[in-house]
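A.B. asks: In my numbering, the protein residues as written are 498 to 793. All C-beta atoms, glycine included, are put in the ideal place defined by N, C-alpha and C.
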Amino acid sequence: MALVASDGIGFNDDPEEMFYLFRRYFRDREEFRNEKDFFRFFEHFLYDSRKMGSGLREFVHNLEQRVGETQNDARRQHDLSKERMLSLSDSIDRIEERQNSTNKVLHNYLIYQHLGDVLNSVKLDRFIPVRVYLSDDNEADVRKVSSAIDKLLGAFGFEFSDDFPAEKGSWWKKWFAKSTEVATQPEVTDRLEKIERALELKGLHKPQSEVDKAQAEAIAALTAATKDIPNVAIQAGSILLVKTTDGNSGPCLQVRTLSTKELIYLENNQHLLCKPETVMQSLSHGSSQLELPVTE
């Protein structure tokens, strides 16, 4: 059976062939604003021709439904792309802001570098390395220790500025911390000495009258975070905290300020922190062999 429209278009009984013949003939009609308009026109045409069976009606309905789903998917993809673009734009703005801040810090150092030792007395953004080794990489413990170190730095006037990927197995992590306000080098040294003193008092279970509440809470948080980790080494600038656990005598905590020689030796041999049991002895021995350049 064939269907013949008033314009003389011929269709056979196959609904898909009828549809594509119809579409090819009317594809340039301007009144079809979108695919749905076209499907409705096609459906009405077939109804008017009184030749549309239930199978063809279902075919047209399914086509309309698929087009609707495609349009919805396209809208969702557009919205998602828009969100991603906004997120990317925000990220670029943050990176640019951080880059400008870094450039400012660098330029300040370049301006004052010719001053030599006087540089220590100039108030600048000051940076210290922060390195942590944990013998256990339990995710919950890692989060607690990271949070506790962040809290400790904040309590003594520092904040994380750069974050480097951690190494798994055991846990080995590096950061750079920056003074929250510009400071001289002696002021930075004083803050680090306060951290050392507070850690010593906590380890000796002595009253911490000279430590303010925020600092005491930060020290307590770090102690609690490392409680279940057998071996720990934490460097914050010139301060080194080492916890080791012996099967017979239990945990042992050591905290001290590193000498200039020890700092240089540790900077060149950072892997020593991954052996908390021997790091103190290695530093003492290695730094004793180090010769510092003579300054005039």
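Is the separation between the beta-carbon of tyrosine 762 and that of leucine 737 shorter than 8 angstroms?
C.D. replies: no
A.B. asks: Do you know how far the Cα of arginine 591 is from the Cα of histidine 575?
C.D. replies: 24 angstroms
A.B. asks: Within its chain, find whatever has a CB closer than 6 angstroms to the CB of alanine 645; leave out the 5 residues flanking it on each side and keep chain order.
C.D. replies: Ala718, Leu719 and Ala722
A.B. asks: Give a yes or no on whether the C-beta atoms belonging to threonine 677 and asparagine 617 are separated by under 8 angstroms.
C.D. replies: no
A.B. asks: Using the C-alpha atoms, what's the distance from aspartate 587 back to methionine 777?
C.D. replies: Put simply, the backbone Cα of methionine 777 is about 45 angstroms away from that of aspartate 587.
A.B. asks: Quick test of the definition: if touching needs 3 or more C-beta pairs under 8 angstroms, does the region 623-639 touch the region 664-675?
C.D. replies: yes
A.B. asks: Kindly indicate which three-state DSSP category alanine 730 falls into: helix, strand or coil?
C.D. replies: strand
A.B. asks: Tell me which same chain residues have a C-beta within less than 7 angstroms of the C-beta of leucine 696, skipping the five on either side of it?
C.D. replies: Excluding residues within five positions, the ones whose Cβ falls inside 7 angstroms are Ile716, Leu738 and Val752.
A.B. asks: Extract the residue ranges of the beta strand (DSSP E) inside the region 745-771, only unbroken runs of 3 or more that lie entirely within it.
C.D. replies: 747-754
A.B. asks: According to the Cβ coordinates, are alanine 674 and phenylalanine 624 closer than 8 angstroms?
C.D. replies: yes
A.B. asks: Counting only the same chain and skipping the five closest in sequence on each side, list residues whose C-beta sits under 6 angstroms from that of glycine 651.
C.D. replies: none
A.B. asks: May I have a chain-ordered list of the beta strand (DSSP E) segments no shorter than 3 residues that lie completely inside the region 667-713?
C.D. replies: 668-676
A.B. asks: What did DSSP end up calling leucine 737 once you bin it into helix, strand or coil?
C.D. replies: Strand, per DSSP.
A.B. asks: Can you pull the DSSP bridge partners for aspartate 743?
C.D. replies: Bridge partners of aspartate 743 according to DSSP: Gly747.
A.B. asks: What separation, rounded to the nearest whole angstrom, lies between the Cα atoms of leucine 649 and glutamine 712?
C.D. replies: Roughly 7 angstroms between the two C-alpha positions.
A.B. asks: Ordered along the chain, which non-local residues of its own chain (more than five positions away) have a Cβ less than 7 angstroms from that of serine 784?
C.D. replies: Ser756, Lys758, Glu759 and Tyr762
A.B. asks: Whole angstroms are fine: how far does the CA of histidine 604 sit from the CA of glycine 565?
C.D. replies: 58 angstroms
A.B. asks: Output the distance between the C-alpha atoms of serine 735 and isoleucine 589, rounded to the nearest integer angstrom.
C.D. replies: 35 angstroms
A.B. asks: Quick check: threonine 448 and glutamate 690, are their CB atoms within less than 8 angstroms of each other?
C.D. replies: Residue coverage of the chain in this structure runs from 498 to 793, which leaves residue 448 outside it and unanswerable.
A.B. asks: Report the option in Asp709, Ile692, Gly654 and Arg628 whose CA atom is closest to the CA atom of glutamate 764.
C.D. replies: Arg628
A.B. asks: What are the boundary residues of the alpha helix (DSSP H) that glutamate 664 is part of?
C.D. replies: Annotation: glutamate 664 is outside any alpha helix (DSSP H) and is labelled neither H nor E by DSSP.
A.B. asks: Leaving out the 5 sequence neighbours to the left and right, which residues in its chain are closer than 6 angstroms to threonine 741 when beta-carbon positions are compared?
C.D. replies: Asn728, Cys749, Pro773 and Glu774
A.B. asks: Does arginine 688 pass the burial test, meaning 16 or more other C-beta atoms within 10 Å, or should it be called exposed?
C.D. replies: Result: buried.
A.B. asks: Quick one: residues in its chain with C-beta nearer than 7 angstroms to the C-beta of asparagine 766, no 5 flanking neighbours on either side, listed in chain order?
C.D. replies: Gly783
A.B. asks: Tell me which residue opens and which closes the alpha helix (DSSP H) that valine 629 is part of.
C.D. replies: Going by DSSP, valine 629 is part of no alpha helix (DSSP H) but of the beta strand (DSSP E) stretching over 624-631.
A.B. asks: Can you give me the C-alpha to C-alpha distance between aspartate 743 and lysine 579, rounded to a whole angstrom?
C.D. replies: 57 angstroms
A.B. asks: Quick one: what's got a C-beta closer than 8 angstroms to cysteine 771's C-beta in the same chain, skipping five residues either side?
C.D. replies: Once the five neighbours on either side are set aside, the close Cβ partners of cysteine 771 are Tyr630, Ser667, Trp669 and Ala730.
A.B. asks: Using three-state DSSP, classify glutamate 656 as helix, strand or coil.
C.D. replies: For glutamate 656, the secondary structure class from DSSP, reduced to helix, strand or coil, is strand.
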